[in-house]
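*Asks:*
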Amino acid sequence: MTANGIGAPVRRKEDFRFITGQGQYTDDVVRPGETRAVFVRSPHAHAKIKKIDVAAAKKMPGVVDVLTGAQLATDKVGNLICGWMIHSKDGSPMKMAPHPALAASTVNHVGDAVAVVIAETTAQGKDAAEKVVVDYEVLPAVVDPAKAQAKGAPQIHADVPNNTIYQWHLGDQKAVEAAFKAAKHVTKLDIVNNRLVPNAMEPRAALADYDAGNDSLTLWNTSQNPHVARLVISAFVGIAPEHKLRVIAPDVGGGFGSKIFIYPEEVVCLWAARKVKRPVKWTSERSEAFLTDAHGRDHITRAELALDSNGKILALRAKTIANLGAYMSTFSSSVPTYLYATLLSGQYDIPQIYCEVDAVYTNTVPVDAYRGAGRPEATFVVERLVEVAARQLGLDPTDLRKRNFIKNFPHQTPVIMAYDAGDYNASLKKAIELADVKNFGKRKRESARHGKLRGIGYSTYIEACGIAPSQAVGSLGAGVGLWESAEVRVNPTGSVEVLTGTHAHGQGHETTFAQLVSERLGIPFESVSIVHGDTDKVQFGMGTYGSRSGAVGMSAIVKALDKIEAKAKKVAGFMMEASENDIEFKDGKFTVKGTDKSVGFGDVALNAYIAHKFTGAELEPGLKETSFYDPTNFTFPAGCHICEVEIDQETGKTEIANWVAVDDFGTVINPMIVEGQVHGGIAQGVGQALLEGAVYDANGQLVTGSLMDYTMPRAHDLPSFHVGLTETKSPSNPLGIKGCGEAGAIAAPAAVINAITDALGTEDIAMPATANAVWQAMQKHPPKAA
Amino acid sequence: MYNFTFHRPTTVRQAAGLLARNPEGKLLAGGHSLLPVMKQRLAQPSALVDLSQVEGMTGVELKGRSVVIGAMTRHADVAKSDVLKEVLPGLASVPGSIGDPQVRNRGTIGGSIANNDPNADYPAACLGLGATIITNKRRIAADDFFTGMFSTALEDGEIIVKVSFPIAKKAAYEKFKHPASGFALVGVFVSKRGPDIRVAVTGAGSNGVFRVKSFEEALKKRFSPKSIEGMTIPASGMNSDIHATPEYRAHLVGVLAKRALAKATA
Ligand SMILES: Cc1cc2nc3c(=O)[nH]c(=O)nc-3n(C[C@H](O)[C@H](O)[C@H](O)COP(=O)(O)OP(=O)(O)OC[C@H]3O[C@@H](n4cnc5c(N)ncnc54)[C@H](O)[C@@H]3O)c2cc1C
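Protein sequences appear in the order of chains A and B. To convert, count from 1 in the first sequence and add 7; that's the working numbering. To convert, count from 1 in the second sequence and add 580; that's the working numbering.
1. Within the continuous alpha helix (DSSP H) that includes R456 (chain A), where are the two ends?
2. With 8 Å as the threshold, decide whether the Cβ of H823 (chain B) is near any Cβ in chain A.
3. In chain B, which residues lie with their C-beta within 9 Å of the C-beta of Y355 (chain A)?
4. Look up K574 (chain A) in the DSSP assignment and give the residues it is bridged to.
5. Return yes when the C-beta of N695 (chain B) is under 7 Å from any heavy atom of ligand 1, and no when it is not.
6. Quick one: which chain A residues come within Cβ less than 7 Å of S761 (chain B)?
7. Would DSSP call Y270 (chain A) helix, strand or coil?
8. Note down the Cα distance separating R237 (chain A) from G473 (chain A), rounded to an integer number of angstroms.
9. Would you check if the distance between the CB atom of N232 (chain A) and the CB atom of G746 (chain A) is smaller than 8 Å?
10. From the DSSP secondary-structure annotation, give me the bridge partner or partners of L732 (chain A).
11. Determine whether the Cβ of N11 (chain A) lies closer than 8 Å to any Cβ atom of chain B.
12. Return helix, strand or coil for Q31 (chain A), following the three-state DSSP convention.
13. Just the C-alpha distance for K65 (chain A) and P373 (chain A), rounded to the nearest angstrom, thanks.
14. Would you please verify whether the beta carbon of L698 (chain A) is less than 8 Å from any beta carbon of chain B?
15. Is the closest heavy atom of ligand 1 to the C-beta of T688 (chain B) under 7 Å?
16. In the structure shown, what three-state DSSP assignment does Q359 (chain A) receive?
17. How would you write the range of the alpha helix (DSSP H) that C472 (chain A) sits in, first residue to last?
18. Where does M581 (chain B) land, buried or exposed, given buried means 16+ other C-beta within 10 angstroms?
19. T658 (chain A) CB to nearest chain B CB: under 8 Å?
20. Restricting to Cα atoms, I'd like to know which of A:T769, A:G700 and A:K158 is closest to P775 (chain A).
21. What ranges does the beta strand (DSSP E) occupy inside the segment 118-164 of chain A, keeping only unbroken runs of at least 3 residues that lie completely in it?
22. Of the residues that make up the segment 713-738 of chain A, which ones have a beta carbon closer than 7 Å to any beta carbon in chain B?
23. Sorry if obvious, but does the Cβ on Y702 (chain B) come closer than 7 Å to a heavy atom of ligand 1?
24. Tell me which residue opens and which closes the alpha helix (DSSP H) that P675 (chain B) is part of.
25. Alpha carbon to alpha carbon, what distance is there between T711 (chain A) and A247 (chain A)?
26. With three or more C-beta pairs closer than 8 Å as the rule, is the segment 584-604 of chain B touching the segment 717-727 of chain A?
27. Who are the neighbours of T500 (chain A) on chain B, taking C-beta pairs under 7 Å?
28. Is there contact between the segment 690-700 of chain A and the segment 813-821 of chain B, where contact requires at least three CB pairs shorter than 8 Å?
29. Check whether chain B comes within 8 Å of T308 (chain A), counting only Cβ atoms and requiring the distance to be less than that.
30. I'd like to check one pair, V599 (chain A) with D610 (chain A): are the Cβ atoms closer than 8 Å?
31. Any Cβ of chain A within less than 8 Å of the Cβ of V781 (chain B)?
32. Considering Cα atoms alone, identify which of B:K772, B:S771, B:V770 and B:E754 is closest to A764 (chain B).
33. Could you check if H612 (chain B) belongs to the surroundings of ligand 1, using beta carbon to heavy atom distance under 7 Å?
34. Over what stretch of residues does the beta strand (DSSP E) that includes Y636 (chain A) continue unbroken?
35. Mind checking whether Q522 (chain A) and I676 (chain A) have CB atoms under 8 Å apart?
36. Kindly say whether Y828 (chain B), judged by its beta-carbon, lies nearer than 8 Å to any beta-carbon of chain A.
Set out below in structure tokens:
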């Protein structure tokens with residue numbers, strides 16, 4: 008390992024820029040003659056648009072133009088799409104209703120945009136937006152997914168009866184039924200996985216610039232995957248052909264999934280820029296973000312676990328209603344299906360699993376992937392079931408887990424996934440030690456002396472990262488491939504640029520990717536720069552989500568580096584007049600086997616470009632290689648989180664007394680960054696379990712529409728985490744990486760709720776378990792004195 | 581934000597004059613309640629009269645058996661006042677529980693009291709200590725000042741100049757934070773000054789800050805948590821929202837009152 012190579016806790020290169028306020032975010036980009044877009048949004052959850060009158064608004068000072076959904080339709084701007092096809096049980100395709108970037112005939116959620124004002128300043132735009140008169144005929148709304156399919160529920164989209172997008176299933180229903188019949192014990196749970204609002208630090212933004220001379224458009228936007236954005240906007244929305252559209256996602260301040268998707272606002276900015284022939288910028292405000300960023304989770308599930316008399320799991324069954332909101336967002340269909348039901352085996356050897364999922368439309372903000380995407384929902388189902396089953400059977404929850412852990416790999420689950428490597432006992436054992444479970448009883452008695460209830464909760468989670476290979480995801484309905492690309496450009500002076508198709512928005516790729524290159528080429532970490540986020544610079548790539556950048560993105564870099572090494576050996580061979588087969592490369596030096604003849608990497612780079620030592624017939628000059636890498640399988644990070652809580656019996660307030668996380672992420676490139684990812688993930692998971700939850704009233708108004716009502720986790724809500732690692736390498740990629748970005752958010756909710764229910768002695772508590780909720784639960788089920 | 585004119589007077593008299601000439605104008609103190617609603621376009625004052633340069637409106641002073649705090653004194657400055665920490669630590673603890681550092685470095689006691697947010701902390705301290713609100717026109721007892729949520733006895737053009745707090749021998753504040761906003765979901769201020777016993781509650785009531793006479797009565801025998809053990813207040817009249825039921829708020833009033841009493845008598 009070099010000082011800054013693989014495994015070194017190197018400080019993040021990008022942080023100097025971010026911490027000193029020198030990051031370049033979309034809103035920081037300024038184009039000459041730039042105008043501002045202000046959207047006119049529906050105050051109603053469901054309404055017919057009878058008429059829009061923009062005459063008064065157009066006369067307001069500073070107004071360049073006011074555009075409506077009708078004009079968008081006239082200009083034949085295409086609808087936004089969902090790019091993952093799901094088929095129902097009966098074989099019918101999912102029912103995707105039209106999603107125009109500006110609503111023309113009906114609005115379907117509060118915040119749905121109906122018009123846009125293009126003005127010299129935002130303030131002028133807002134003044135004018137107030138003058139746009141929209142005549143609505145308010146329609147009844149449905150916001151509760153449990154009621155969306157009911158007879159008589161308001162139908163949101165014309166061709167989607169019962170608001171049902173699909174009725175999907177996975178697994179062998181008959182075999183599961185038989186297993187349940189034969190079971191000694193069945194544990195049943197009704198679970199609500201609460202709806203979350205992502206709240207990335209940087210709000211979404213878009214800046215579109217039209218070059219009339221070339222009839223081309225440039226879009227700066229807050230995207231986790233600029234190439235995918237360009238593809239969708241070209242091929243489906245039809246704003247411009249792919250080669251006439253450049254998408255740049257500069258520094259992006261957090262995404263958590265919410266910036267994967269293609270949103271109406273960026274489409275409208277592009278369309279408007281061409282219309283008004285001036286750059287158009289939109290930057291979301293926090294209140295707008297609450298009403299327009301895709302939300303996360305929102306499942307209602309009935310889950311059952313069948314066990315024999317020894318606590319061996321026989322089968323699992325789940326029926327889920329997934330709320331997808333008013334429109335199908337870009338990848339929404341895949342989240343409650345292939346990213347959810349496929350993980351219902353958890354870390355356990357479960358012979359039979361059957362899962363049914365109904366996806367429904369409601370008059371709420373669209374729901375799509377959010378940190379973990381489907382896997383937190385699956386983990387919550389499995390880990391709650393297992394914990395409750397252990398309690399009901401009078402078994403220690405760790406014991407029940409151990410009895411059912413998968414121990415032999417590869418392991419084929421009944422729900423598609425083939426786990427390739429893991430050691431679930433190892434992470435559980437290490438976590439139990441770190442959490443000092445042995446002395447939990449003592450701590451519980453001590454808490455009781457202070458009038459507090461103490462509980463301990465486990466979550467032995469599994470997730471699937473680096474969704475791949477492309478052929479497999481294609482067969483499951485994905486509209487895209489899920490490989491990744493890299494280009495390694497060695498400069499004549501020996502410094503290196505890596506162009507990656509992934510995108511960093513907080514993950515630290517500029518550091519970790521440079522560590523890999525530094526280690527492989529033996530050059531200083533400082534001599535490597537990482538380029539991403541610009542479709543004009545970087546070859547096509549799939550972006551960053553699903554903890555894929557390490558497992559898939561870095562693997563592509565490895566493949567390109569392999570090619571660089573091979574070519575450099577040829578150059579070195581010419582330089583030292585030896586056969587390329589006799590050249591060895593180590594620590595940045597090329598040596599002729601068995602001699603002391605050697606040349607450095609920098610020399611070789613220079614010679615590759617000056618090309619004085621070989622002819623063009625012998626070797627092409629230059630040192631630049633590209634790779635498109637498609638993995639052989641998903642990766643399967645797994646681990647054990649243990650949460651200990653203390654509950655104030657008088658107020659119902661839960662304090663997290665201790666947190667232990669032992670994760671198996673395979674190879675770790677930078678342990679400090681990995682630990683940071685775990686911390687952030689846990690914070691979001693704790694947020695879901697204790698604090699966060701989007702609430703709509705019956706009319707479809709978002710009650711939690713600001714940070715005054717929507718509770719984000721704060722530092723004081725969290726303890727100091729104790730983080731440990733175990734390691735089994737992923738056999739599915741050359742580095743053995745599994746991915747760490749989502750683990751915390753996936754593991755944490757079940758750990759918290761298992762701890763709280765352990766403390767309270769009742770399972771009857773929903774997320775978020777606020778002090779109010781816990782107190783109500785204690786009124787209903789008075790806890791036994793410890 | 582809509583357009584407005586901006587004025588920066590240096591005396592209370594000038595400020596009052598500006599308000600008189602701008603009937604749709606508003607005083608600006610720390611701006612941490614006013615500016616957010618202006619940014620959301622929910623308030624449209626024609627003029628802002630900034631009090632930040634007005635003489636004699638800041639500071640914490642000991643005056644006989646009272647502490648007098650200038651209306652423009654920032655929360656952070658009240659929190660760190662040595663005088664206050666010495667003579668009335670129960671009051672000194674109140675501003676420290678408000679918001680975050682940015683809010684504490686800008687927000688003022690006068691602004692907080694004038695605004696009378698039903699979840700704000702200072703109103704509980706004023707009512708819980710029997711403070712006197714001193715304006716450019718008169719002196720108003722806290723008992724008469726807070727007239728309902730977001731409403732006070734202040735007349736048009738009236739400016740809070742100072743607030744005078746009698747020094748109570750025993751006083752303490754206990755706050756249960758609203759999970760999202762950090763304001764008081766429920767806050768209880770208790771004090772005892774000779775025979776004057778006060779229990780004031782913020783956050784819980786649907787009509788703003790109020791006193792709990794039943795607790796005060798019970799505490800007359802002995803100013804101790806034991807005296808109100810098992811006592812509750814009725815849930816009717818409590819606020820109800822997604823964050824807390826009326827029953828929970830009523831329950832918290834009892835819990836926090838006991839905790840405040842324990843603190844005050846420690
Ligand atoms: C993020 C955040 C968190 C907060 N958390 C809390 C909290 O935990 N607890 C809490 O109590 N408060 C909290 N606040 C409110 C904060 O304390 C405000 O600063 C305070 O309520 C208003 O004071 P101000 O000086 O900012 O007044 P401004 O916003 O300037 O004015 C408020 C109102 O009072 C009027 N006014 C101001 N000064 C005077 C005067 N001298 N005479 C007459 N009228 C006047 C103004 O015209 C205006 O109508 C929070 C605010 C924010 C933004």
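By construction, the Cβ of each residue, glycine as well, lies at the ideal position given by its N, Cα and C atoms. Small disclaimer: the values here were computed from a predicted structure and weren't measured.
*Replies:* The answer reads as follows:
1. F447 to R456
2. yes
3. Those within 9 Å of Y355 (chain A) in chain B number zero; the least Cβ separation is about 35 Å.
4. According to DSSP, which records beta bridges pairwise, K574 (chain A) is partnered with nothing at all.
5. yes
6. M715
7. coil
8. 22 Å
9. no
10. A:D670
11. no
12. coil
13. 31 Å
14. yes
15. yes
16. strand
17. C472 (chain A) -> no alpha helix (DSSP H), and no H or E assigned at all.
18. exposed
19. yes
20. A:G700
21. 120-126 and 140-145
22. L714, M715, D716, Y717 and T718
23. yes
24. P669 to G676
25. 38 Å
26. no
27. Near T500 (chain A) there are no residues of chain B at all, since even the closest Cβ is about 47 Å away, more than 7 Å.
28. no
29. no
30. no
31. no
32. B:E754
33. yes
34. K631 to Y636
35. yes
36. yes
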